[in-house]
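A quick write-up on the structure given underneath.
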Amino acid sequence: MISLICSFSCRPQSSLCVHPSLLILSYMTQGNKTKMRQTGLWICRSGLRYFHRALLGGNVLPGKTRASSHPRPPLLPTELGRAWASLRSERGQALGAGPEMALPLWKNLVQTTKKRILQQRRLSLYNGADGYEEELIKKKLQQFSGGSINLSKEDNGIGILTLNNPKLMNAFTGTMMVELQERVTELENWKDGKGLIIHGAGNTFCSGSDLNAVKEISNSQDGMNMCMFMQNTLTRLMRLPLISVALVQGKAFGGGAELTTACDFRLMTPGSEIRFVHKHMGLVPGWGGAARLVRIVGSGAALQLLAGAARVDPERALSLGLSEETLPSSDQTRALGEARAWLSHYTEGPAAVIRAVKKVVTAGRELPLEDALRTEKDIFGTVWGGPANLEALVRRPKHK
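Quick note, in our numbering, the sequence shown goes up one by one and the last residue is 1323.
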């Protein structure tokens, strides 16, 4: 499927209706031939169905329809309303245009509608169709208190996020998981931010989840809920328009190791180690750490680290590409200063430009090429002719 606004599947016994105003052109790929057909927004008696989820996975196989492809999340009522309003306001342009103009207009409508819905969701991975009830999950997690997630914002545009539960080697309690989500939301709204350093209190990074909380949510459904909650949070963390660094001191075990993979870079101190210990707990990573690890070090090395539960010291982390540098000092205060200095090489400059750089890289990593190029074009348009660009033209810098 090259471009599709809605392709919905319903059980044969369901009564269907297709609003004629939503009929559009889409493509079906069969071998090396491309066909055009009509499709529309299908609404089932049983409720709302699915929306194309290309930006979050779920590709349509050549020659297949959405019914035989991967499932997608149902539209929320507010999302459907906004999509409907978008279609009603823009479809007239395409319907009134000639054949040579209709296709580009419809393709643009597809892209803008998907973008609006995904922006509204903050690119959340899960919703009610997956059994994900965020407020209920947060209420459950908040029963397990202890520790905190602290955020400070510096004038240079660098944020410092501290995992603060030193009595348990900064293990995540339920309240810390909820607070991490709150801090990520705060960072999403920090328009002057350029960089982020995540580190742990007490000269160690994070030992994973608090086992006392884990024992209390050991049933399958609670475990899945916690998994979805943390995947959502760490995915949003990874997509922040801030250049992020995990400062690994002491131990980064289990969920702590997974957290390091949600950052753009990892810096380690002498004597520190990263270790995916999930196998010894009878588990696999559940916070997105395995998927991200494969992208960082490759599938072969990721399999070795996960299946072997191997200790990764700074030297091995460098050789694997898991770490960018080993800092000179293992002292917490000095190491944090060294991490600031390292990060400042990449955050120097106007916030709008640094944030735009992170956004185009995120698009290139996560989107199909055509969508990534469109996103890059849009972001380029936000800085072209902007204050930093105009100042550079006046200054006429010489690049050596």
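For each residue, glycine too, the CB sits at the ideal point set by N, CA and C.
Count the other CB atoms within 10 Å of the CB of residue i; is the residue buried (16 or more) or exposed (fewer)?
i       : result
Val1137 : buried
Asp1187 : buried
Thr1156 : buried
Leu984  : Low confidence applies to Leu984: its pLDDT is 38, below 50, so where it sits in the model is not reliable, and the reading given next is rough at best. Looking at its Cβ environment, which holds fewer than 16 other Cβ atoms inside 10 Å, Leu984 is exposed.
Glu1102 : buried
Gly1185 : Position check: residue 1185 holds Ala in this sequence, whereas Gly was assumed. So Ala1185 counts as buried.
Val1200 : buried
Gly1304 : exposed
Leu1134 : exposed
Gly1223 : exposed
Arg989  : With a pLDDT of only 40 at Arg989, under 50, the local geometry of the prediction cannot be trusted, and no value is derived from it.
Leu1292 : exposed
Ser1141 : exposed
Arg1106 : buried
Arg1318 : exposed
Return the CA-CA distance between residue i and residue j, expressed in angstroms with no decimal places.
i       : j       : result
Leu1313 : Pro1273 : 12 Å
Ala1311 : Ile1302 : 14 Å
Gly1097 : Gln1255 : 26 Å
Gly1146 : His1203 : 17 Å
Val1171 : Gly1308 : 39 Å
Arg1215 : Gly1123 : 21 Å
Trp1113 : Ala1275 : 12 Å
Glu1289 : Ala1213 : 16 Å
Arg1239 : Glu1248 : 11 Å
Glu1139 : Glu1271 : 46 Å
Ala884  : Ser1143 : For residue 884 there is no data in the structure shown, the boundaries of the chain being 924 and 1323.
Leu1316 : Lys1090 : 54 Å
Ser1071 : Asn1087 : 5 Å
Glu1057 : Phe1152 : 7 Å
Val888  : Pro1237 : Nothing about residue 888 can be reported from this structure: the residues present for the chain run from 924 to 1323 only.
Arg1297 : Gly1125 : 45 Å
Leu1064 : Met1099 : 9 Å
Gln1227 : Gln1154 : 23 Å
Please go through the same chain and pick out, in chain order, the residues whose beta-carbon is closer than 7 Å to the beta-carbon of residue i, but skip the five residues on each side of it.
i       : result
Leu1245 : Arg1189, Ile1197, Ile1219, Val1220 and Val1235
Pro1320 : none
Ala1258 : Leu1170, Gln1172, Thr1192, Leu1250 and Ser1252
Ala1295 : Ala1286 and Gly1287
Ala1232 : Arg1198, Phe1199, Val1200, Lys1202 and His1203
Gln1066 : Gly1097
Lys1281 : Pro1164, Leu1165 and Ile1166
Anyone know if the C-beta pair for residue i and residue j falls short of 8 Å?
i       : j       : result
Gly1211 : Ile1166 : no
Gly1209 : Cys1150 : yes
Lys1062 : Thr1127 : no
Arg1159 : Thr1285 : no
Ile1121 : Leu1266 : no
Lys1180 : Ser1132 : Per the sequence presented here, residue 1180 reads as Ala, with Lys not at that position. Not a contact, by the Cβ cut-off of 8 Å.
Ala1279 : Val1306 : yes
Pick helix, strand or coil for residue i, following the three-state DSSP scheme.
i       : result
Phe1067 : coil
Phe1095 : strand
Glu1248 : strand
Arg968  : Caution applies to Arg968, whose pLDDT of 33 falls short of 50 and renders its modelled position unreliable; the value that the coordinates give is listed next. Coil at Arg968, not helix or strand.
Ile1121 : strand
Glu1077 : coil
Lys1174 : strand
Arg1162 : coil
Arg1319 : coil
Glu1271 : coil
Ile1072 : strand
Glu1196 : strand
Ala1169 : strand
Phe1128 : coil
Gly1260 : helix
Leu1266 : helix
Arg1234 : coil
Asn1050 : coil
Ile1140 : coil
Leu1229 : helix
Leu1313 : helix
Leu1206 : coil
Leu1241 : helix
Leu1292 : helix
Identify, in the order they occur along the chain, each residue of the same chain with its Cβ nearer than 6 Å to the Cβ of residue i, setting aside the five sequence neighbours on each side.
i       : result
Asn1148 : Ile1060
Gln1104 : Thr1156
Ser1075 : Ile1083
Val1207 : His1201
Leu1243 : Val1220 and Ala1224
By Cβ distance below 8 Å, which residues in the same chain neighbour residue i in space, the five residues on each side in sequence not counted?
i       : result
Ala1230 : Lys1202
Leu1048 : Leu979, Met1151, Gln1154, Asn1155 and Thr1158
Ser1195 : Phe1128, Val1171, Gln1172, Gly1173, Lys1174, Ala1175, Asp1236, Pro1237 and Ser1253
Is any non-hydrogen atom of the ligand SAH found closer than 7 Å to the C-beta of residue i, if you look at the structure I gave you?
i       : result
Leu1119 : Inclusion of the ligand SAH in the displayed structure is not the case, the ligand content being empty and no account of it being possible.
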